[in-house]
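Protein sequences appear in the order of chains A and B.
Under the numbering used here, the very last position in the first sequence is 594; numbers go up by exactly one each time.
Under the numbering used here, the very last position in the second sequence is 594; numbers go up by exactly one each time.
Beneath this line is the structure, given in structure tokens, with notes to follow.
There are 2 protein chains.
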Amino acid sequence: MANKLGALRQLIAEKKIDAYIIPGSDAHQSEYIADYWKSRHWFSGFTGSSGLVVVTKDKAGLWTDGRYFIQAEQELSGTGISLFKMNEPGVPTYGKWLDENLAAEATIGFDGRVISVSEFEGLKKDLSSKEISYKYEEDLLGNMWEDRPTMPTAPAFFHQAKFTGKTTSDKLSSIREEMEKERADMYLTAALDEIAWTVNMRGNDIPNTPVVYSYLIITASDAYLFADEQKVAAIKGELADVTILPYDSVFEFLNKNAAGRRLLYNPGGVSVRLFEAIPSDSKNIKMSTSIIGKLKAVKNSTEIENFKNAFIKEGVALVKLLKWLSEVGTKDIFETDIQAKISELRLEQEHCIGDSFTTIAAYGENAALMHYSPKEGSCAKVLPEGLLLVDTGGQYLDGTTDITRTFAVGPVTDEMRRDFTLVLKGHMALAGIKFLEGTTGVQLDVLARQPIWQAAMDYRSGTGHGLGFCLGVHEGPHGISPRLNSIKLTPGMICTNEPGIYKAGRHGIRTENVLLVKEAEKNEFGAFFDFETISFCPIDTAILDKALLSDEEISYLNNYHKQVYDKLSPFLDASEKEWLKNKTKSI
Amino acid sequence: MANKLGALRQLIAEKKIDAYIIPGSDAHQSEYIADYWKSRHWFSGFTGSSGLVVVTKDKAGLWTDGRYFIQAEQELSGTGISLFKMNEPGVPTYGKWLDENLAAEATIGFDGRVISVSEFEGLKKDLSSKEISYKYEEDLLGNMWEDRPTMPTAPAFFHQAKFTGKTTSDKLSSIREEMEKERADMYLTAALDEIAWTVNMRGNDIPNTPVVYSYLIITASDAYLFADEQKVAAIKGELADVTILPYDSVFEFLNKNAAGRRLLYNPGGVSVRLFEAIPSDSKNIKMSTSIIGKLKAVKNSTEIENFKNAFIKEGVALVKLLKWLSEVGTKDIFETDIQAKISELRLEQEHCIGDSFTTIAAYGENAALMHYSPKEGSCAKVLPEGLLLVDTGGQYLDGTTDITRTFAVGPVTDEMRRDFTLVLKGHMALAGIKFLEGTTGVQLDVLARQPIWQAAMDYRSGTGHGLGFCLGVHEGPHGISPRLNSIKLTPGMICTNEPGIYKAGRHGIRTENVLLVKEAEKNEFGAFFDFETISFCPIDTAILDKALLSDEEISYLNNYHKQVYDKLSPFLDASEKEWLKNKTKSI
Numbered sequence: 008m009a010n011k012l013g014a015l016r017q018l019i020a021e022k023k024i025d026a027y028i029i030p031g032s033d034a035h036q037s038e039y040i041a042d043y044w045k046s047r048h049w050f051s052g053f054t055g056s057s058g059l060v061v062v063t064k065d066k067a068g069l070w071t072d073g074r075y076f077i078q079a080e081q082e083l084s085g086t087g088i089s090l091f092k093m094n095e096p097g098v099p100t101y102g103k104w105l106d107e108n109l110a111a112e113a114t115i116g117f118d119g120r121v122i123s124v125s126e127f128e129g130l131k132k133d134l135s136s137k138e139i140s141y142k143y144e145e146d147l148l149g150n151m152w153e154d155r156p157t158m159p160t161a162p163a164f165f166h167q168a169k170f171t172g173k174t175t176s177d178k179l180s181s182i183r184e185e186m187e188k189e190r191a192d193m194y195l196t197a198a199l200d201e202i203a204w205t206v207n208m209r210g211n212d213i214p215n216t217p218v219v220y221s222y223l224i225i226t227a228s229d230a231y232l233f234a235d236e237q238k239v240a241a242i243k244g245e246l247a248d249v250t251i252l253p254y255d256s257v258f259e260f261l262n263k264n265a266a267g268r269r270l271l272y273n274p275g276g277v278s279v280r281l282f283e284a285i286p287s288d289s290k291n292i293k294m295s296t297s298i299i300g301k302l303k304a305v306k307n308s309t310e311i312e313n314f315k316n317a318f319i320k321e322g323v324a325l326v327k328l329l330k331w332l333s334e335v336g337t338k339d340i341f342e343t344d345i346q347a348k349i350s351e352l353r354l355e356q357e358h359c360i361g362d363s364f365t366t367i368a369a370y371g372e373n374a375a376l377m378h379y380s381p382k383e384g385s386c387a388k389v390l391p392e393g394l395l396l397v398d399t400g401g402q403y404l405d406g407t408t409d410i411t412r413t414f415a416v417g418p419v420t421d422e423m424r425r426d427f428t429l430v431l432k433g434h435m436a437l438a439g440i441k442f443l444e445g446t447t448g449v450q451l452d453v454l455a456r457q458p459i460w461q462a463a464m465d466y467r468s469g470t471g472h473g474l475g476f477c478l479g480v481h482e483g484p485h486g487i488s489p490r491l492n493s494i495k496l497t498p499g500m501i502c503t504n505e506p507g508i509y510k511a512g513r514h515g516i517r518t519e520n521v522l523l524v525k526e527a528e529k530n531e532f533g534a535f536f537d538f539e540t541i542s543f544c545p546i547d548t549a550i551l552d553k554a555l556l557s558d559e560e561i562s563y564l565n566n567y568h569k570q571v572y573d574k575l576s577p578f579l580d581a582s583e584k585e586w587l588k589n590k591t592k593s594i
Numbered sequence: 008m009a010n011k012l013g014a015l016r017q018l019i020a021e022k023k024i025d026a027y028i029i030p031g032s033d034a035h036q037s038e039y040i041a042d043y044w045k046s047r048h049w050f051s052g053f054t055g056s057s058g059l060v061v062v063t064k065d066k067a068g069l070w071t072d073g074r075y076f077i078q079a080e081q082e083l084s085g086t087g088i089s090l091f092k093m094n095e096p097g098v099p100t101y102g103k104w105l106d107e108n109l110a111a112e113a114t115i116g117f118d119g120r121v122i123s124v125s126e127f128e129g130l131k132k133d134l135s136s137k138e139i140s141y142k143y144e145e146d147l148l149g150n151m152w153e154d155r156p157t158m159p160t161a162p163a164f165f166h167q168a169k170f171t172g173k174t175t176s177d178k179l180s181s182i183r184e185e186m187e188k189e190r191a192d193m194y195l196t197a198a199l200d201e202i203a204w205t206v207n208m209r210g211n212d213i214p215n216t217p218v219v220y221s222y223l224i225i226t227a228s229d230a231y232l233f234a235d236e237q238k239v240a241a242i243k244g245e246l247a248d249v250t251i252l253p254y255d256s257v258f259e260f261l262n263k264n265a266a267g268r269r270l271l272y273n274p275g276g277v278s279v280r281l282f283e284a285i286p287s288d289s290k291n292i293k294m295s296t297s298i299i300g301k302l303k304a305v306k307n308s309t310e311i312e313n314f315k316n317a318f319i320k321e322g323v324a325l326v327k328l329l330k331w332l333s334e335v336g337t338k339d340i341f342e343t344d345i346q347a348k349i350s351e352l353r354l355e356q357e358h359c360i361g362d363s364f365t366t367i368a369a370y371g372e373n374a375a376l377m378h379y380s381p382k383e384g385s386c387a388k389v390l391p392e393g394l395l396l397v398d399t400g401g402q403y404l405d406g407t408t409d410i411t412r413t414f415a416v417g418p419v420t421d422e423m424r425r426d427f428t429l430v431l432k433g434h435m436a437l438a439g440i441k442f443l444e445g446t447t448g449v450q451l452d453v454l455a456r457q458p459i460w461q462a463a464m465d466y467r468s469g470t471g472h473g474l475g476f477c478l479g480v481h482e483g484p485h486g487i488s489p490r491l492n493s494i495k496l497t498p499g500m501i502c503t504n505e506p507g508i509y510k511a512g513r514h515g516i517r518t519e520n521v522l523l524v525k526e527a528e529k530n531e532f533g534a535f536f537d538f539e540t541i542s543f544c545p546i547d548t549a550i551l552d553k554a555l556l557s558d559e560e561i562s563y564l565n566n567y568h569k570q571v572y573d574k575l576s577p578f579l580d581a582s583e584k585e586w587l588k589n590k591t592k593s594i
């Protein structure tokens, strides 16, 4: 690593660049990315899904969020790159840091493919009092990276109407309706999940997220899909609503066809390089939130029924896993064994095509790393004491799942018991809320956090994120989080509910279910919505401190466990049923 | 009124204006305004503190928020002006409405003194797909309004250091420190409370808010106060830190002196006309939140001690009022009598200079109008049954107060009892929260709302607003509300806690105390803050449904009432003490 830092510093000195930014993204601002794009990981050694490196001639820093503080400290150790803890008091953003550390006239370099228009605008604003030149034509790391992986080539497949509920033609109509409201005559998106959703196509370009590297342009009469022609060759007939053009031809297409258009785009999802391809006489209309993103987030009734079914299958796989894990102490189980076991159990379920993210199987203090990823050889063996956390999810043709359970594998301390109960109290308070139409996730976040805050603890993450439908396991635009977000929670939206407590060197606890927003009632005060929990898996009642629960909470939990048994038991064998009966009995 | 609407339509037809906007503000974006500026009230008859009228050749509408829906419906009846309920589903903003109702090329007129830069930018954005001309040089209503009141002339007075805790010189230093961070060399503000706070001046230009019509410009070395010289003549010596110039000379001053400057201004607080006075080669830096506003919101230790003292005096006045009100049934008491009585009792307290807003004394169904204002002659007589709501506050040299109590004046229904208890539950949940550093008010709002939402009810207002120090009774930039607001709650901030339930034609309930943000504790998870309730007045325990309260809530209430007695009784006579002892006894 020290060699790479030195080599990059030499390269930027030659190019007269004072600071080089490595954002760790792909050209589509995807959360998970193909190996080809993992230049930040290659360069810094940091494996988290979110983080940005800045290198100057004498300084180097990584900016990442609370999920990765502990992990980043470990992975950056000895690299010469300092950790900047984003959103912590007193920690500057990388833009403000550059403003403080660069001379009044300076040059900043980055690969223009992997920084979005809005990211770039924010950067320019932070540096507005200086005279900064930007060089973003070249991928300097690409020049250094000799054994760089190639772009993925696996074929795409068509996502059938019995799963999606709506045809591409339906979806294009909805998009065009929204375009009309904005008086737009062209729509550009580079977001892979938006494209996959619109054209009902799935693929294998990115681990855990079944999307295809592509661009999409929609006009009032036509739609153009820019994708590797070999990947989509077999499903051309099913993509009849769109014209298929080569992946890289989007730049030239925009340049030729966007002139004079009122073009809608999401500055957070379009790269600086792609934006430069738009002719200057195009009237660009920024979407603060992507139209397709908003449409996609509200699941249709077919998707909802499919989702519910996928979660039952996932629950069945999880019950089998948990029963298997009850053998801890009688045989050697390592964290990576748990990852393998759940993947295997899940693939036995109908329509399962894989995991929706790398399973977090974290024993003891490892669970304090919120997004811990065990490694073969170095990971922990599960001992018959304390807590084990498993956060896992699958990609099914009929839904994307994400569930976390923390449970005792042996004796637990009073502190663990109390922390586990506080997390569950928050989880239940959020699940049980009724709320007025128009409510946003930032308003509800505190419900899950309150019992934890009252005990002077906190978790450094949001409480909930959306889920794609056989797409990304983290999907916007809504969420339940302290971050300001103007997206209203709307019936049909799906969101996780995952408060936690993480204590470095001690333990980590998280209880995660998935919520569906539903209509509750309407009266003189307005329309009220509530949540239906659609994920089913037993919660470990053996480690509850019952004295901390109200009667209402106890009855909520008993009712949830009754549902868990009723929904999952038809798909279990006799011994599994007996195990589940015991795990779901009333307290 | 029909005459005025006709006259304005004739005027705009002559001027070739297609739509005329009447925002009901003054040139300083004040919440309460001098009579001179009340053109929207004069024109439409609507008396609410917030509302905007738009008139076209065949349509006319008033946009106002949830506080005023019922009142606006009554006051607009028969005027030909339709009510648009802001923030309700399906109701367009006035900008969107103009976009829908105007031709592709049209002219919009307004008085450029009373629309802010940001309001105007929002409007232009809403209308960006049309070719709109704007005429804002003329005040058309001024041309029609023959008996318009004159601008106020009462003298200003100096606010002594024993009250303010900081001198003007201290405050200018803090402002200049923030200016340096923005690399600004000039700061412009038109906000009357910001100016009053900075120069430690108070006045009598606006009812209920002791400010002086003025502008303030600050540079690295100087400060210029633009105010009527006669008003400030007597305190010139005490305003030695600022150069005093005539009120109207600010336009010329800016024009001459702002050229080439990096000028900080708040586009929400600077009018279109004032902005136009800034030379085009000035580098204008928009503040999303005013620097002075942020400094002013965090009270210093002297202000906090003074505030606490002012609230004790206010509590004493309120106890006297409530005891007097226990005579309902034995003598005639009208709503306006209550307004007069509390003003009188308050003025008996040391350093009281008046009311901080028109007291809301609302009996029975009148209390469903959230900001009801009783009128002599037409207001209700308080009968010995049901609920009475009193929302009142004072201006003291040592603080600005705002407290609401709802109490039984006779038998109450079970529905009133339940609603009253739910409101109190929300009130106590907010008052008792501990929260992490960095938390914003939008995150906490639901705590007060949750018990009310669970019963499928809501209140159409925020839960809490800041309070000025002998200044505006509603003060930003923070608040506790469903509206997105990025201002973090910081130790030293003051905020009301006022959930409610309002049922048209039935009753209105609100319980309002005032919270001070304090440091609670610090640990590995971060710094935690909590609230100290600093307003003291008995809450009517006779109308509680005790079965709805948890043990924790009951002990919170008993503890609050013990404090009410301990803090207020030293200032009461024997019979008042006895009355209060009874009203604050444990339940």
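Even glycine gets a Cβ: it sits at the ideal position worked out from N, Cα and C.
Arg456(A) sits in a helix when the DSSP states are folded into three classes.
Under the Cβ criterion of 8 Å, Val453(A) is counted among the residues facing chain B.
By the rule that beta-carbons nearer than 8 Å mark a contact, Glu444(B) touches chain A. In this structure, DSSP gives Ala161(B) a state outside helix and strand, which the three-state scheme calls coil. Contacts with chain A (Cβ-Cβ distance below 9 Å) from the stretch 170 to 196 of chain B involve Glu189 and Arg190, listed in chain order. The stretch 395 to 414 of chain B and the stretch 523 to 540 of chain B do not touch, with fewer than three beta-carbon pairs separated by less than 8 Å. Between the stretch 143 to 152 of chain B and the stretch 113 to 124 of chain B there are three or more inter-stretch CB-CB distances shorter than 8 Å, so the stretches are counted as touching.
Neighbours of Asp465(B) in chain A, taken as residues at a C-beta separation under 7 Å, are given in chain order as Leu443, Phe532 and Gly533. The beta carbon of Ser493(B) sits closer than 7 Å to those of Thr447, all from its chain and outside the five residues before and after it, given in chain order. When the five nearest sequence neighbours on each side are left out, the beta carbons in the same chain lying within less than 6 Å of the beta carbon of Glu392(B) are those of Gly417 and Pro418, in order along the chain.
At a C-beta separation below 9 Å, Ser84(B) has no neighbours in chain A, since its nearest C-beta there lies roughly 20 Å away. Residues of chain A whose Cβ lies closer than 8 Å to the Cβ of Ser493(B) are, in chain order, Leu491. Excluding residues up to 5 positions away in sequence, Val449 lie with their Cβ nearer than 8 Å to the Cβ of Leu491(B) in the same chain. Residue contact with chain A for Ser562(B): absent (no Cβ-Cβ distance below 8 Å to any residue of chain A).
Pairing Thr175(A) with Lys495(B), the inter-Cα distance amounts to about 44 Å. Taking a contact to require three or more Cβ pairs closer than 8 Å, the stretch 127 to 137 of chain A and the stretch 161 to 181 of chain A do not qualify as touching.
Within the stretch 119 to 136 of chain A, the residues whose Cβ lies closer than 7 Å to some Cβ of chain B are Ser136, listed in chain order. A straight line joining the alpha-carbon of Ile298(A) with that of Ile182(A) spans about 7 Å.
The count of Cβ pairs closer than 8 Å, one atom from the stretch 223 to 241 of chain A and one from the stretch 303 to 318 of chain A, stays below three, leaving the stretches out of contact. In the three-state reduction of the DSSP assignment, Lys301(A) falls in the helix class, which pools H, G and I. Cβ proximity to chain A below 9 Å picks out Ala436, Gly439, Ile440, Lys441, Phe442, Leu443, Glu444, Gly445, Thr446, Thr447 and Val449 from the stretch 415 to 449 of chain B. For Pro96(B), the number of other beta carbons within 10 angstroms of its own is below 16, and it is reported as exposed. Chain order gives the chain A residues near Glu528(B) as Ala463, where near means a beta carbon separation below 8 Å. For the pair of segments examined, the stretch 501 to 516 of chain B was found to touch the stretch 369 to 379 of chain B: the number of CB pairs separated by less than 8 Å reaches three. Residue contact check for Gln457(A) against chain B: a CB pair falls below 8 Å. Nearest CB-CB separation between Pro99(A) and chain B: not below the 8 Å threshold.
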